[in-house]
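Peer 1: Residue numbers (the numbering used here), protein chains in the order written: chain A, 1 to 300; chain B, 301 to 600.
Number of protein chains: 2
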Amino acid sequence: MTERFGGIEGGGTKFVCALGTGPEDLEEVRFETTTPEETLRRCATFFAARGSPVRAIGIGSFGPVDLDERSRAYGFITSTPKPGWANTDFAGRLGRDLRCPIGFETDVNTAALGEFHWGAARGLANFVYLTIGTGIGGGGMMNGRLMHGLVHPEMGHIFLPRHPRDNYAGGCVYHGGACFEGLASGPAIAERWGKPGAELGADHEAWEMEAHYIALALVSIICTLSPERIILGGGVMEQQPLLGMVQRKTAELLNGYVRAPALNEGLKEYIVTPALGNRSGVLGAIALARETWERRRGEE
Amino acid sequence: MTERFGGIEGGGTKFVCALGTGPEDLEEVRFETTTPEETLRRCATFFAARGSPVRAIGIGSFGPVDLDERSRAYGFITSTPKPGWANTDFAGRLGRDLRCPIGFETDVNTAALGEFHWGAARGLANFVYLTIGTGIGGGGMMNGRLMHGLVHPEMGHIFLPRHPRDNYAGGCVYHGGACFEGLASGPAIAERWGKPGAELGADHEAWEMEAHYIALALVSIICTLSPERIILGGGVMEQQPLLGMVQRKTAELLNGYVRAPALNEGLKEYIVTPALGNRSGVLGAIALARETWERRRGEE
Numbered sequence: 001m002t003e004r005f006g007g008i009e010g011g012g013t014k015f016v017c018a019l020g021t022g023p024e025d026l027e028e029v030r031f032e033t034t035t036p037e038e039t040l041r042r043c044a045t046f047f048a049a050r051g052s053p054v055r056a057i058g059i060g061s062f063g064p065v066d067l068d069e070r071s072r073a074y075g076f077i078t079s080t081p082k083p084g085w086a087n088t089d090f091a092g093r094l095g096r097d098l099r100c101p102i103g104f105e106t107d108v109n110t111a112a113l114g115e116f117h118w119g120a121a122r123g124l125a126n127f128v129y130l131t132i133g134t135g136i137g138g139g140g141m142m143n144g145r146l147m148h149g150l151v152h153p154e155m156g157h158i159f160l161p162r163h164p165r166d167n168y169a170g171g172c173v174y175h176g177g178a179c180f181e182g183l184a185s186g187p188a189i190a191e192r193w194g195k196p197g198a199e200l201g202a203d204h205e206a207w208e209m210e211a212h213y214i215a216l217a218l219v220s221i222i223c224t225l226s227p228e229r230i231i232l233g234g235g236v237m238e239q240q241p242l243l244g245m246v247q248r249k250t251a252e253l254l255n256g257y258v259r260a261p262a263l264n265e266g267l268k269e270y271i272v273t274p275a276l277g278n279r280s281g282v283l284g285a286i287a288l289a290r291e292t293w294e295r296r297r298g299e300e
Numbered sequence: 301m302t303e304r305f306g307g308i309e310g311g312g313t314k315f316v317c318a319l320g321t322g323p324e325d326l327e328e329v330r331f332e333t334t335t336p337e338e339t340l341r342r343c344a345t346f347f348a349a350r351g352s353p354v355r356a357i358g359i360g361s362f363g364p365v366d367l368d369e370r371s372r373a374y375g376f377i378t379s380t381p382k383p384g385w386a387n388t389d390f391a392g393r394l395g396r397d398l399r400c401p402i403g404f405e406t407d408v409n410t411a412a413l414g415e416f417h418w419g420a421a422r423g424l425a426n427f428v429y430l431t432i433g434t435g436i437g438g439g440g441m442m443n444g445r446l447m448h449g450l451v452h453p454e455m456g457h458i459f460l461p462r463h464p465r466d467n468y469a470g471g472c473v474y475h476g477g478a479c480f481e482g483l484a485s486g487p488a489i490a491e492r493w494g495k496p497g498a499e500l501g502a503d504h505e506a507w508e509m510e511a512h513y514i515a516l517a518l519v520s521i522i523c524t525l526s527p528e529r530i531i532l533g534g535g536v537m538e539q540q541p542l543l544g545m546v547q548r549k550t551a552e553l554l555n556g557y558v559r560a561p562a563l564n565e566g567l568k569e570y571i572v573t574p575a576l577g578n579r580s581g582v583l584g585a586i587a588l589a590r591e592t593w594e595r596r597r598g599e600e
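#1: Could you please give me the residues that DSSP links to Ala318/B through a beta bridge?
#2: Nearest chain A C-beta to Ser526/B closer than 7 Å, yes or no?
#3: Between the Cα of Gly186/A and the Cα atoms of Gly256/A, His117/A, Gly233/A, which residue gives the shortest distance?
#4: In angstroms, rounded to a whole number, what distance separates the CA positions of Arg457/B and Asn387/B?
#5: Establish whether the CB of Leu216/A and some CB of chain B are separated by less than 7 Å.
#6: By the DSSP assignment, the beta strand (DSSP E) with Ser485/B in it spans what residues?
#7: Along chain A, which residues have their Cβ under 7 Å away from the Cβ of Ser520/B?
#8: From this set, Leu267/A, Val65/A, Arg122/A, Ala18/A, which residue's C-alpha is nearest Ala56/A's C-alpha?
#9: Where does the unbroken beta strand (DSSP E) through Ile132/A begin, and where does it stop?
#10: Taking Gly449/B as the query, report the chain A residues whose CB atoms sit under 8 Å from its CB, ordered along the chain.
#11: How many angstroms separate the CA atom of Leu67/A from the CA atom of Gly75/A?
#12: Could you tell me how far apart the beta carbons of Thr524/B and Ile77/A are, in whole angstroms, since I believe they sit closer than 8 Å?
#13: Closer than 9 Å between beta carbons: that is the criterion. Which residues of the region 556–571 of chain B meet it against chain A?
#14: Alpha carbon to alpha carbon, what distance is there between Glu337/B and Phe331/B?
#15: Going along chain B, which residues have a C-beta under 9 Å from Tyr174/A?
#16: Would you say Val428/B and Ile530/B are within 7 Å of each other, going by their C-beta atoms?
#17: How would you list, in chain order, the residues of chain A whose beta-carbon sits under 7 Å from the beta-carbon of Pro453/B?
#18: Would you kindly work out how many angstroms separate the C-alpha atoms of Phe180/A and Phe159/A, rounded to a whole number?
#19: Run down chain A in chain order and give the residues with a C-beta less than 7 Å from the C-beta of Arg462/B.
#20: Kindly indicate which three-state DSSP category Cys523/B falls into: helix, strand or coil?
#21: Buried or exposed for Thr250/A, please, with buried defined as at least 16 other CB atoms from any protein chain shown within 10 angstroms of its CB.
#22: Note down the Cα distance separating Gly358/B from Ser526/B, rounded to an integer number of angstroms.
#23: Hey, Phe346/B and Val354/B: beta-carbon distance below 7 Å or not?
#24: In chain order, what residues of the same chain have a beta carbon less than 7 Å from the beta carbon of Pro541/B, not counting five sequence neighbours either side?
#25: When DSSP builds the beta bridges, which residues end up paired with Phe376/B?
#26: Is DSSP giving Ser61/A helix, strand or coil here?
#27: Tyr168/A and Arg192/A: beta carbons closer than 7 Å?
#28: Is Gly433/B near Pro453/B, with beta carbons less than 7 Å apart?
#29: How would you call Val282/A, buried or exposed, if buried means at least 16 neighbouring beta carbons within 10 angstroms?
#30: Restricting to Cα atoms, I'd like to know which of Glu327/B, Gly360/B, Thr333/B is closest to Ala349/B.
#31: Rounded to a whole number of angstroms, what is the C-alpha to C-alpha distance between Gly414/B and Glu24/A?
#32: Chain A beta carbons: is any one of them nearer than 7 Å to that of Arg283/B?
#33: How would you list, in chain order, the residues of chain B whose beta-carbon sits under 9 Å from the beta-carbon of Thr78/A?
#34: Can you find at least 3 beta carbon pairs, one from the region 415–425 of chain B and one from the region 574–593 of chain B, that sit closer than 8 Å?
#35: Can you tell me whether Ser280/A is buried or exposed, with buried defined as 16 or more other CB within 10 angstroms of its CB?
#36: Looking at the C-beta of Arg548/B, does it have a partner C-beta in chain A at a distance below 7 Å?
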């Protein structure tokens with residue numbers, strides 16, 4: 001019997017549940033995120049209905065989440081503003097329902113893990129995965145392991161200088177127009193220009209400003225972490241002209257200070273989009289399930 | 301015979317050479333940084349004159365430096381603007397002269413290592429050491445190992461929003477007044493206010509502005525790395541009112557977004573000055589020498 005693993009990509013607007021072993025072997029279902037009760041029941045039902053029990057389940061969750069295994073709230077979604085979801089015991093609830101080991105991570109670290117196993121970060125011990133969409137979040141690996149720490153990275157809330165021609169007040173509930181997410185998320189673009197990014201033309205001035213903000217954030221990330229590669233995912237990055245503009249502006253802003261081929265002739269391989277497209281998260285959840293199962297087996 | 305280790309704290313203005321095993325057993329000499337030839341000869345002479353050979357030497361060097369062991373320039377100071385010092389084979393030269401294993405690190409990672417072994421970072425797998433003085437630099441540990449990556453962190457060059465009352469053009473050769481070092485280093489304070497920080501009173505408005513810039517940088521660092529503690533060293537931090545102001549402003553700017561006791565009631569233990577004072581670097585170099593020797597012994 002093939003060893004099958006379960007993966008859950010738990011987002012604020014949609015959930016993806018999957019069963020399989022990797023990119024070539026994956027059965028998936030996706031549904032809207034409603035209440036925690038209903039949504040987690042749908043997850044449990046998906047896995048329970050598949051007959052033979054899964055070895056382990058990996059969860060990549062929207063946050064903030066508690067990743068501290070010594071904490072009473074480990075496996076919880078904690079202080080999210082999403083109605084009904086604050087203090088939800090995501091990992092514990094599914095572990096009890098499905099009686100299998102659960103791996104629990106942030107959504108961005110999970111996507112990073114997918115790219116590490118099958119995508120743009122293979123073989124890299126230090127890299128960043130950043131998603132720019134409804135919200136902005138970042139994760140990745142440092143010294144060969146996913147980034148945790150006091151809590152977990154919240155790269156959407158780096159403070160940035162304002163673009164000189166930007167009069168938008170900013171959309172972050174906590175930081176207004178001071179932080180990256182407040183200035184450069186999908187909703188910030190829509191509010192600033194009066195319509196969603198997808199309806200603005202490729203030559204709209206919005207993209208120059210957006211690329212500027214993303215590049216400023218990348219300068220901060222490069223100077224703080226010195227990653228070997230940066231992967232930019234999320235809906236906003238699907239806008240055609242953006243990736244090249246971000247690459248150019250990041251190099252311009254660094255102005256030659258960090259001397260590395262990756263930041264000169266290697267720029268197109270240094271700042272990239274996810275090789276797995278929008279499947280990084282769900283595949284990362286499968287990889288997380290396998291790691292959780294292997295670790296558990298090692299402990300027995 | 302006691303095992304003795306050598307440590308070199310190689311700074312742009314002064315060098316410290318030391319021989320010993322830790323804080324309670326250390327013989328030190330310090331001298332001005334002149335040409336590479338003369339300075340490295342004085343280092344070699346100090347160790348050679350001590351009779352019994354040292355087991356290994358740890359070097360914490362000003363930078364940028366090449367830390368990639370696969371690189372031909374490993375152990376070099378690379379693109380420094382300091383006259384005469386660009387492309388200096390620091391580690392190789394001393395290894396040949398003294399015929400012992402050499403550990404080579406950035407000055408800030410070395411100071412971080414000192415604080416990890418004997419100071420404010422004991423037992424922490426994720427922390428940042430930031431020095432704010434003539435220049436600004438940062439290092440530390442992530443997942444239990446010193447931070448490397450594409451090159452190494454350059455936290456002085458994070459871009460920051462301008463303080464609304466700041467008209468100073470900025471002092472960074474690469475980034476003017478756009479980056480942390482350009483706005484908040486010791487020379488930037490002196491140039492902005494017309495005299496060195498040490499001559500400004502404790503109630504001078506300079507400190508509110510300085511604390512604001514440091515706090516902005518800490519927000520970026522906290523959101524990017526999620527460290528378990530931040531250690532602030534360097535000459536500028538010796539100004540009395542500064543540490544408390546930085547603690548308060550960092551919490552104000554984060555505005556409750558990152559929910560952790562360390563960022564509320566634990567703030568005074570979260571943002572701290574080095575427990576080893578100005579000895580973090582030289583003690584870290586001794587710790588680096590010991591690690592280098594133990595690793596070498598493990599390989600034999």
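Cβ coordinates follow ideal geometry from the N, Cα and C atoms, glycine included. Note that the structure is predicted; figures quoted are calculated from it, not measured.
Peer 2: Result, derived from the coordinates:
#1: Here residue 318/B refers to the residue found at position 18 of the second sequence. Answer is Gly307/B, Glu328/B, bridged to Ala318/B.
#2: For the purposes of this step, residue 526/B is identified with residue 226 of the second sequence, where counting begins at 1. So yes, Ser526/B belongs to the interface.
#3: The sequence position of residue 186/A within the first sequence is 186, counting from 1. Checking every option, the nearest Cα to that of Gly186/A belongs to Gly233/A.
#4: Taking the first residue of the second sequence as position 1, residue 457/B is located at position 157. Taking the first residue of the second sequence as position 1, residue 387/B is located at position 87. It should be noted that the sequence gives His, not Arg, for residue 457/B. About 22 Å.
#5: As a working mapping, residue 216/A is identified with position 216 in the first sequence. Cβ-Cβ to chain B under 7 Å: yes for Leu216/A.
#6: As a position in the second sequence, residue 485/B is number 185, starting the count at 1. Where Ser485/B is concerned, there is no enclosing beta strand (DSSP E), given that its DSSP letter is neither H nor E.
#7: As a position in the second sequence, residue 520/B is number 220, starting the count at 1. The contacting residues are Ile158, Phe159, Ser220, Thr224.
#8: As a first step, residue 56/A is located in the first sequence; it is residue number 56 there, counting from the start. Of the candidates Leu267/A, Val65/A, Arg122/A, Ala18/A, the one whose C-alpha sits nearest the C-alpha of Ala56/A is Ala18/A.
#9: By 1-based counting over the first sequence, the position of residue 132/A is 132. Where Ile132/A is concerned, the enclosing beta strand (DSSP E) stretches over 127–132.
#10: Within the second sequence, residue 449/B is the residue found at index 149, counting from 1. Residues of chain A passing the Cβ test: Asn126, Met142, Leu225, Ser226, Pro227, Glu228.
#11: Locating residue 67/A in the first sequence gives position 67, counting from the first residue. Locating residue 75/A in the first sequence gives position 75, counting from the first residue. Cα-Cα distance, rounded: 6 Å.
#12: Here the question's residue 524/B lines up with position 224 in the second sequence. Here the question's residue 77/A lines up with position 77 in the first sequence. That pair is no contact at about 22 Å.
#13: Gly556, Tyr557, Val558, Arg559, Ala560, Ala562, Leu563, Tyr570
#14: Start at 1 with the first residue of the second sequence, and residue 331/B comes out as number 31. Start at 1 with the first residue of the second sequence, and residue 337/B comes out as number 37. One C-alpha to the other measures close to 14 Å.
#15: Residue 174/A sits at position 174 when you count from the first residue of the first sequence. Going along chain B in sequence order, the residues near Tyr174/A (Cβ under 9 Å) are Leu554, Asn555, Gly556, Tyr557.
#16: Here residue 428/B refers to the residue found at position 128 of the second sequence. Here residue 530/B refers to the residue found at position 230 of the second sequence. Cβ distance < 7 Å, so Val428/B and Ile530/B count as in contact.
#17: Walking along the second sequence from the start, residue 453/B turns up at place 153. Ordered by position in chain A, the residues that pass the 7 Å Cβ test against Pro453/B are Cys223, Thr224, Leu225, Ser226.
#18: Within the first sequence, residue 180/A is the residue found at index 180, counting from 1. Within the first sequence, residue 159/A is the residue found at index 159, counting from 1. Inter-residue distance for Phe180/A and Phe159/A is about 6 Å (C-alpha atoms, whole angstroms).
#19: The residue given as residue 462/B occupies position 162 in the second sequence. Going along chain A in sequence order, the residues near Arg462/B (Cβ under 7 Å) are Pro161.
#20: In the second sequence, counting from the first residue as 1, residue 523/B sits at position 223. DSSP places Cys523/B in the helix class (H, G or I) of the three-state scheme.
#21: For this step, residue 250/A is matched to residue 250 along the first sequence. When all chains shown are included, Thr250/A counts as buried.
#22: Mapped onto the second sequence, residue 358/B falls at position 58. Mapped onto the second sequence, residue 526/B falls at position 226. If you take the alpha carbons of Gly358/B and Ser526/B, they lie about 28 Å apart.
#23: Taking the second sequence and counting its residues from 1, the one referred to as residue 346/B is at position 46. Taking the second sequence and counting its residues from 1, the one referred to as residue 354/B is at position 54. No; because the gap between Cβ atoms is not below 7 Å, this pair is not in contact.
#24: Your numbering for residue 541/B matches position 241 in the second sequence. So the list reads Ala502, Trp507, once near-sequence residues are dropped.
#25: Mapped onto the second sequence, residue 376/B falls at position 76. Asp389/B.
#26: Here residue 61/A is taken as the residue at index 61 of the first sequence, counted from 1. Strand.
#27: One-based indexing of the first sequence puts residue 168/A at position 168. One-based indexing of the first sequence puts residue 192/A at position 192. A distance below 7 Å separates the beta carbons of Tyr168/A and Arg192/A.
#28: By 1-based counting over the second sequence, the position of residue 433/B is 133. By 1-based counting over the second sequence, the position of residue 453/B is 153. No, these two residues do not count as a Cβ contact at 7 Å.
#29: Within the first sequence, numbered from 1, the residue matching residue 282/A stands at position 282. So Val282/A counts as buried.
#30: Position 49 of the second sequence, counted from the start, is the residue given in the question as residue 349/B. That would be Glu327/B, whose Cα lies nearest to the Cα of Ala349/B.
#31: Stepping through the second sequence from its first residue, residue 414/B is reached at position 114. Stepping through the first sequence from its first residue, residue 24/A is reached at position 24. So the two alpha carbons sit approximately 48 Å from each other.
#32: What is shown of chain B runs 301 to 600, which leaves residue 283/B out entirely.
#33: As a working mapping, residue 78/A is identified with position 78 in the first sequence. Under the 9 Å cutoff, chain B gives Arg559.
#34: yes
#35: Here residue 280/A corresponds to residue number 280 of the first sequence, with the count starting at 1. By the neighbour-count rule (16 or more Cβ atoms within 10 Å), Ser280/A is buried.
#36: As a first step, residue 548/B is located in the second sequence; it is residue number 248 there, counting from the start. By this cut-off, Arg548/B is not an interface position.
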